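Peer 1:
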Amino acid sequence: MSSALRAEVGQIDVDAIVVGAGGAGLWAALELAREGIPTAVLTKLYPTRSHTGAAQGGVCAALGNVEEDHWEWHMFDTIKGGDYLADQDAAEVLAREAIPAVIELERMGLPFNRTPDGKIDQRRFGGHTRNYGEGPVRRSCYAADRTGHMILQTLYQQCIKAGVKFYDEYHVVDLVFDGGEADKGGRCSGVVGYKIADGTLHVFRAKAVLLATGGYGRAWRVTSNAHSLTGDGMALAWRHGVPLQDMEFYQFHPTGIVGTGILLSEAARGEGGYLINDAGQRFMESYAPKLMELAPRDMISRAIYQEIRAGRGIGGKDYIHLDVRHLGRKVIEEKLPDITELARIYQGVEPISEPVPVQPTAHYAMGGVPTNLETEVLADARGNVVPGLFAAGEVACVSVHGANRLGTNSLVDLLVFGKRAGIRMAQICKSTPQPGSVQGAERAVRDELLALSTRPSGVRPAEIRRELAALMMDNVGVYRDEALLGAAVKGIAKLKGEYANVRVEDTGSVFNTDLLEARELGYLLDTAEATAVSAYARTESRGAHSREDFPERNDAKFLAHTLVWQGSDGAPATKLDYKLVTITKFEPKARVY
Amino acid sequence: MTQGSSPLASPQKLRNYPSYRGGEGMVAWAFHRISGIGVWAFIVLHVVDIWLIGVNPALYDQLGNIYSSAPGRVMETLLGAALFYHALNGMRIVVMDFWPALTIYHRGLWRAVWVTFFIFGLPGAYIILKPIWEMAA
Amino acid sequence: MASATQVELKIQRFDPERDSEPHWQTLTVPVEPMDRVLDLLTRAKELFDGSITFRRSCAHGVCGSDALLINGRNRLACKLRVEALGRTITVAPLPGLPIVKDLVVDMEEFFDKFRSVQPYLVAAPVEGDGERIQSEEQRDRYDDTTKCILCAACTTSCPSFWAQPEYVGPAAIVNAHRFIFDSRDENADTRLDILSDENGVWRCRTTFNCVEACPRGINITKAILEVSSAISARR
Amino acid sequence: MSAQKYSLSGRPRPTGSRVDLYVWRAVRITSIALFVLALAHFSITHFVYEVGDQSAEWVRQTRWNSIPLRVLDWGMLMAVLVHGFLGMRTVMQDYVPSRIRQASLIGLYAIALLLFVLGTQVIATLPMR
Ligand SMILES: Cc1cc2nc3c(=O)[nH]c(=O)nc-3n(C[C@H](O)[C@H](O)[C@H](O)COP(=O)(O)OP(=O)(O)OC[C@H]3O[C@@H](n4cnc5c(N)ncnc54)[C@H](O)[C@@H]3O)c2cc1C
Ligand code: HEM
Ligand code: SF4
Ligand code: F3S
Ligand code: FES
Numbered sequence: 001m002s003s004a005l006r007a008e009v010g011q012i013d014v015d016a017i018v019v020g021a022g023g024a025g026l027w028a029a030l031e032l033a034r035e036g037i038p039t040a041v042l043t044k045l046y047p048t049r050s051h052t053g054a055a056q057g058g059v060c061a062a063l064g065n066v067e068e069d070h071w072e073w074h075m076f077d078t079i080k081g082g083d084y085l086a087d088q089d090a091a092e093v094l095a096r097e098a099i100p101a102v103i104e105l106e107r108m109g110l111p112f113n114r115t116p117d118g119k120i121d122q123r124r125f126g127g128h129t130r131n132y133g134e135g136p137v138r139r140s141c142y143a144a145d146r147t148g149h150m151i152l153q154t155l156y157q158q159c160i161k162a163g164v165k166f167y168d169e170y171h172v173v174d175l176v177f178d179g180g181e182a183d184k185g186g187r188c189s190g191v192v193g194y195k196i197a198d199g200t201l202h203v204f205r206a207k208a209v210l211l212a213t214g215g216y217g218r219a220w221r222v223t224s225n226a227h228s229l230t231g232d233g234m235a236l237a238w239r240h241g242v243p244l245q246d247m248e249f250y251q252f253h254p255t256g257i258v259g260t261g262i263l264l265s266e267a268a269r270g271e272g273g274y275l276i277n278d279a280g281q282r283f284m285e286s287y288a289p290k291l292m293e294l295a296p297r298d299m300i301s302r303a304i305y306q307e308i309r310a311g312r313g314i315g316g317k318d319y320i321h322l323d324v325r326h327l328g329r330k331v332i333e334e335k336l337p338d339i340t341e342l343a344r345i346y347q348g349v350e351p352i353s354e355p356v357p358v359q360p361t362a363h364y365a366m367g368g369v370p371t372n373l374e375t376e377v378l379a380d381a382r383g384n385v386v387p388g389l390f391a392a393g394e395v396a397c398v399s400v401h402g403a404n405r406l407g408t409n410s411l412v413d414l415l416v417f418g419k420r421a422g423i424r425m426a427q428i429c430k431s432t433p434q435p436g437s438v439q440g441a442e443r444a445v446r447d448e449l450l451a452l453s454t455r456p457s458g459v460r461p462a463e464i465r466r467e468l469a470a471l472m473m474d475n476v477g478v479y480r481d482e483a484l485l486g487a488a489v490k491g492i493a494k495l496k497g498e499y500a501n502v503r504v505e506d507t508g509s510v511f512n513t514d515l516l517e518a519r520e521l522g523y524l525l526d527t528a529e530a531t532a533v534s535a536y537a538r539t540e541s542r543g544a545h546s547r548e549d550f551p552e553r554n555d556a557k558f559l560a561h562t563l564v565w566q567g568s569d570g571a572p573a574t575k576l577d578y579k580l581v582t583i584t585k586f587e588p589k590a591r592v593y
Numbered sequence: 001m002t003q004g005s006s007p008l009a010s011p012q013k014l015r016n017y018p019s020y021r022g023g024e025g026m027v028a029w030a031f032h033r034i035s036g037i038g039v040w041a042f043i044v045l046h047v048v049d050i051w052l053i054g055v056n057p058a059l060y061d062q063l064g065n066i067y068s069s070a071p072g073r074v075m076e077t078l079l080g081a082a083l084f085y086h087a088l089n090g091m092r093i094v095v096m097d098f099w100p101a102l103t104i105y106h107r108g109l110w111r112a113v114w115v116t117f118f119i120f121g122l123p124g125a126y127i128i129l130k131p132i133w134e135m136a137a
Numbered sequence: 001m002a003s004a005t006q007v008e009l010k011i012q013r014f015d016p017e018r019d020s021e022p023h024w025q026t027l028t029v030p031v032e033p034m035d036r037v038l039d040l041l042t043r044a045k046e047l048f049d050g051s052i053t054f055r056r057s058c059a060h061g062v063c064g065s066d067a068l069l070i071n072g073r074n075r076l077a078c079k080l081r082v083e084a085l086g087r088t089i090t091v092a093p094l095p096g097l098p099i100v101k102d103l104v105v106d107m108e109e110f111f112d113k114f115r116s117v118q119p120y121l122v123a124a125p126v127e128g129d130g131e132r133i134q135s136e137e138q139r140d141r142y143d144d145t146t147k148c149i150l151c152a153a154c155t156t157s158c159p160s161f162w163a164q165p166e167y168v169g170p171a172a173i174v175n176a177h178r179f180i181f182d183s184r185d186e187n188a189d190t191r192l193d194i195l196s197d198e199n200g201v202w203r204c205r206t207t208f209n210c211v212e213a214c215p216r217g218i219n220i221t222k223a224i225l226e227v228s229s230a231i232s233a234r235r
Numbered sequence: 001m002s003a004q005k006y007s008l009s010g011r012p013r014p015t016g017s018r019v020d021l022y023v024w025r026a027v028r029i030t031s032i033a034l035f036v037l038a039l040a041h042f043s044i045t046h047f048v049y050e051v052g053d054q055s056a057e058w059v060r061q062t063r064w065n066s067i068p069l070r071v072l073d074w075g076m077l078m079a080v081l082v083h084g085f086l087g088m089r090t091v092m093q094d095y096v097p098s099r100i101r102q103a104s105l106i107g108l109y110a111i112a113l114l115l116f117v118l119g120t121q122v123i124a125t126l127p128m129r
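Residue numbers (the numbering used here), protein chains in the order written: chain P, 1 to 593; chain A, 1 to 137; chain B, 1 to 235; chain R, 1 to 129.
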């Protein structure tokens, strides 16, 4: 007899738990280790498989190694890029602390490319400018086109050195709360981990739990995100009464490989690549004459859609060309090797001699679990924190990216706030007693998992996943309106209904990926719902959220962050609240490039 | 420290690697190893038979007759081939050991091994085997 | 699904809760033009048998999850186009590691070896608040070996590892090389010590299977021989 | 796995033994020597002279009628023993199960010693002419 779950339950007591071993989780773990806090890092993938490793472009910091630069400029670009929805105190922290963070990474051994005098080399990247918007600046520190890979490896290496305790291939399936859910003043006191290798459940108790589980791009059909990016941390928090913030702001990266959505990094444009329409024009001339191909992503993605709608897609189809031929073989092969290889393998195109067909691809969640500057999770619009719960990285919304993230700023976000999370958690661990018993905390999730894996008949998860991905692509994509979003909200509710009857074929307890994928589909449905509901309610256009029925930005009404709570007992989400944007240095202005 | 996926992992090891489709390097290594063992086996024999020169010359001469018989000559040819391949490929390895950058040319070097092998090996084999036809004639 | 063609997908199956030996399952799976082997496996799982088990994440060759023995060679399933493979595609787990289930192998042993070479920078703290200086040439010296994604394709393709699982293996040596030749690192000696024992670099027989299998195009054998030379060059 | 673990992994602590380095070097050095000596030896015995003509008497009177030639052949013998047996050690390290590896290696070295004695004896004691 086999069952997807094994009877025995382990219980593990630590001081701090880090869920996720991408850039954010690893740096937090490192800080905790430095402070000597007993920490468990749980990750459903081996740490080096985390999606941080996919980031190609670079990480921005105003080092000024190649030309004059100041963190205030970086801060301004971040805020303007985010269409003034970014909290300016957060953006300031980001831009200031980026500098020591990058230096520290170098000292940890990260192999940055070098300038002729041996310093960290820097290159241009979309939306990063000199002197408050005058023109592109070289701010992105990089290691060929595998900056994220090197960050992930370097942090993991340092964690090994520091003796961090990893629980590899432990899927966190629930959070444990003490004294009620988050919205009832409860405290997070641990997590429930499902050990993938043998199907055992383990309850971890701790004083501080960090969510660093990354994004949820898999909700869309065309996405640059890994299969594993299913919004686990967001959904788990949501289910325990934590609101999600700014979920309507989801970034579409302009240059995904047609069909699969695999990303061709902005580095291609940073090095001087062109975007070309069917008529052979560099069409960005008419959308962002100053920055051209280096304008922020939301603008370029919209420009591409407009070109396609106007019939100027290549051959009238739904893509345009990324052209790097003029850069020459040497630059292409030396500076953009990975990108070149991706085009060759996944598209069968030779970038040295042919233009590469590209289309926008679902890429990055600006929204997520709301936190303050110390990465403590917020329970409401008034800034009350959820004790014991922290979030950093793509899963979190601080909010530094506002309505649209600039290229490279996500890696900065991981470093700066991952580090802050570790430091803050260490403080909390030193001053807080261990929460009460977590005995039996796995019961609820055990029942849910058993229900999934013992249902004799029902829909396959893959069918629902496919429908959801198509729905999100068509209705909650680059351009939106009331009808599309209304249909999306309804469609997601319908799929949630079907999900209640989903059936898992694999009934074993060893490495049951079938069960876990079904579980992940549940997370995707939750995050998709939060996205659609938030988008429906925001009747303006700002950053990545473009309403065709409300094309203007409306600062009078919407210079505020959306918070959305999960409906009770499976009902659709209806509870929303707004939190004013923090403005310190830069008054909102029209956003032109 | 890591808590990984081991405990339930089956002690089963996959035994299908004999069917691994390795490249030139793997074939070169397999031949090198087989030829090395072969030559080694012969050397063991050979030292003993040389020793016989001192202790029992008559027996040594008898052995010499075996070596120069038709089957003996075929064996000698194979031995020569093994030694020659092993020597050439051995130099290929040593060259790469000294200049690791040459590893990118390992396939080219392997081809060179075979070209040399046949250029010198075929005439050599002819010389060793010729007496067989002469004996038959 | 518009599927003009299809292929025979032969998968090695093994469920420790049911089977005592691995066995083969053959499925006829529809193919689409730009499909990679990972797409086939996913489709087979979605259409025919949800219990087919394999690891995957990034789906574009950067995370190292899905290295598998495909048509007799170690390859990343997400990076190998189906059209290059003919009508029958045979997929088995990486050779030489214990099988957990189907295509999933136990990676602990592999990561242990990686960790054993001290794969992290060891250097005295620097003064001031700037970065360490490293010239472009010094940076280039170890560039190749920074590309490793720890997929294990190399180590499990190595005949020397099959023969002797104690061999530290090419992947670990690659990661040691990355630090040994980094001008900023001060711990090369210890790593050379670690790699000079019986199960270290000497077990490499220059068979080049590793190089041929590496999805990142790292010249692994060169790296290994550079480490051997470095050990040999010490007093 | 041994109780003595190296750092965080399961690998045993390096012993600091340099045996394998020396073996590696010895195999490379002798291989270069053998490339000349062994190939020359094979060519002389097969192409310069006819195999069938090389009787015990002939060896004594012609080939080993000079001290330098005997020394050279002895050198070749040493190189072959070092190279061949260290090579076989490598092969056995790969394929002989660890239970019996130590014993088998001792057997291997014993054969090497025997050959060393036999070979040296005949080269040193065979009377000239
Ligand atoms: C193709 C691509 C290119 C990019 N390029 C850039 C760039 O050039 N510059 C830039 O700044 N940003 C870039 N980004 C964005 C950036 O890489 C990501 O936002 C960032 O890496 C997210 O890091 P993270 O630490 O939050 O999470 P991730 O790196 O995604 O890690 C998530 C971790 O959480 C774990 N996890 C998830 N769910 C669970 C669970 N239920 N239980 C246990 N563990 C769990 C996973 O195992 C993993 O370890 C790019 C993104 C993509 C997709
Ligand atoms: C003639 C010149 C020779 C050269 C250039 C040569 C070269 C080499 C080299 C470089 C190796 C190491 C291979 C490795 O570690 O990957 C080797 C291995 C070996 N050699 Fe030789 N060799 C020669 C002659 C011989 C002779 C005469 C014998 C027999 C006694 C012999 C027996 C072996 C054996 C048994 C191995 C081990 C094989 C293995 O590790 O796979 N070699 N040789
Ligand atoms: S060296 Fe190459 S094959 Fe080996 S683990 Fe690294 S990436 Fe994979
Ligand atoms: S396959 Fe193995 S033998 Fe050496 S060249 Fe690669 S490590
Ligand atoms: S899935 Fe990441 S390498 Fe293939």
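Ideal placement from N, C-alpha and C gives every residue a C-beta, glycine not left out. Quick caveat, the model's predicted, so the values are computed rather than measured.
Are M96 (chain A) and T206 (chain B) touching if we call contact CB-CB under 8 Å?
Peer 2: yes
Peer 1: Just the C-alpha distance for L126 (chain R) and A33 (chain R), rounded to the nearest angstrom, thanks.
Peer 2: 25 Å
Peer 1: For D168 (chain P), does the count of other Cβ atoms within 10 angstroms reach 16, so buried, or fall short, so exposed?
Peer 2: Note on D168 (chain P): 16 or more other CB atoms within 10 angstroms of its CB, so buried under the neighbour-count rule.
Peer 1: Decide if V209 (chain P) is buried, meaning its Cβ has at least 16 other Cβ atoms within 10 Å, or exposed.
Peer 2: In summary, V209 (chain P) is buried, with 16 or more beta-carbon neighbours lying within 10 Å of its beta-carbon over all protein chains present.
Peer 1: Near V416 (chain P), which residues of its chain fall below 7 Å by C-beta distance, leaving aside the five closest residues on each side in sequence?
Peer 2: V93, L94, E97, A98, A101
Peer 1: Over the uninterrupted beta strand (DSSP E) stretch that includes T5 (chain B), give me the two end residues.
Peer 2: 5-13
Peer 1: What I want to know is whether the C-beta of C151 (chain B) ends up closer than 7 Å to one or more non-hydrogen atoms of ligand 3.
Peer 2: At least one heavy atom of ligand 3 sits closer than 7 Å to the Cβ of C151 (chain B).
Peer 1: Please find out if some non-hydrogen atom of ligand 2 comes closer than 7 Å to the beta-carbon of M247 (chain P).
Peer 2: no
Peer 1: Within this structure, are the beta carbons of V44 (chain A) and L115 (chain R) separated by less than 8 Å?
Peer 2: The criterion of a C-beta distance shorter than 8 Å is satisfied by V44 (chain A) and L115 (chain R).
Peer 1: When the Cα atoms are used, what is the spatial distance from G388 (chain P) to V242 (chain P)?
Peer 2: Roughly 13 Å separates the two Cα atoms.
Peer 1: Identify the contact partners of G119 (chain R) in chain A, using a Cβ-Cβ distance below 8 Å as the criterion.
Peer 2: Simply V47, I50, W51.
Peer 1: For G107 (chain R), which three-state DSSP category applies?
Peer 2: helix
Peer 1: Would you check whether ligand 1 has a heavy atom nearer than 7 Å to the C-beta of E448 (chain P)?
Peer 2: no
Peer 1: Once DSSP output is grouped into helix, strand and coil, what is the label at L32 (chain P)?
Peer 2: Helix.
Peer 1: Spell out whether any CB of chain P is found under 8 Å from the CB atom of E17 (chain B).
Peer 2: Closer than 8 Å to some Cβ of chain P, the Cβ of E17 (chain B) qualifies, so yes.
Peer 1: Please list, in chain order, all residues of the same chain as D106 (chain B) whose beta carbon is under 8 Å from its beta carbon, the five residues on each side excluded.
Peer 2: L97, P98, I99, V100
Peer 1: Give the interface partners of E212 (chain B) over in chain A, defined as CB-CB distance under 8 Å, in chain order.
Peer 2: G22, G23, G25
Peer 1: Write down the C-beta distance between A90 (chain P) and S399 (chain P) rounded to the nearest angstrom, noting that I regard them as a contact closer than 8 Å.
Peer 2: 6 Å
Peer 1: Comparing C-alpha positions only, which one of P:R542, P:N409, P:I37 sits nearest to E394 (chain P)?
Peer 2: P:N409
Peer 1: Short of 7 Å Cβ to Cβ, which residues in the region 156-168 of chain B face chain A?
Peer 2: S157, P159, W162
Peer 1: So, does the CB of C204 (chain B) fall closer than 8 Å to a CB anywhere in chain P?
Peer 2: no
Peer 1: Go ahead and label A16 (chain P) buried or exposed: buried means 16 or more other beta carbons lie within 10 angstroms of its beta carbon, across all protein chains shown.
Peer 2: Buried is the call here.
Peer 1: If you count every other CB in all the chains shown that lies within 10 Å of the CB of S2 (chain R), and 16 or more means buried, which is it?
Peer 2: Since pLDDT at S2 (chain R) reaches only 32, below the 50 mark, its modelled position is unreliable, and the value read off the structure follows with that caveat. S2 (chain R) should be labelled exposed.
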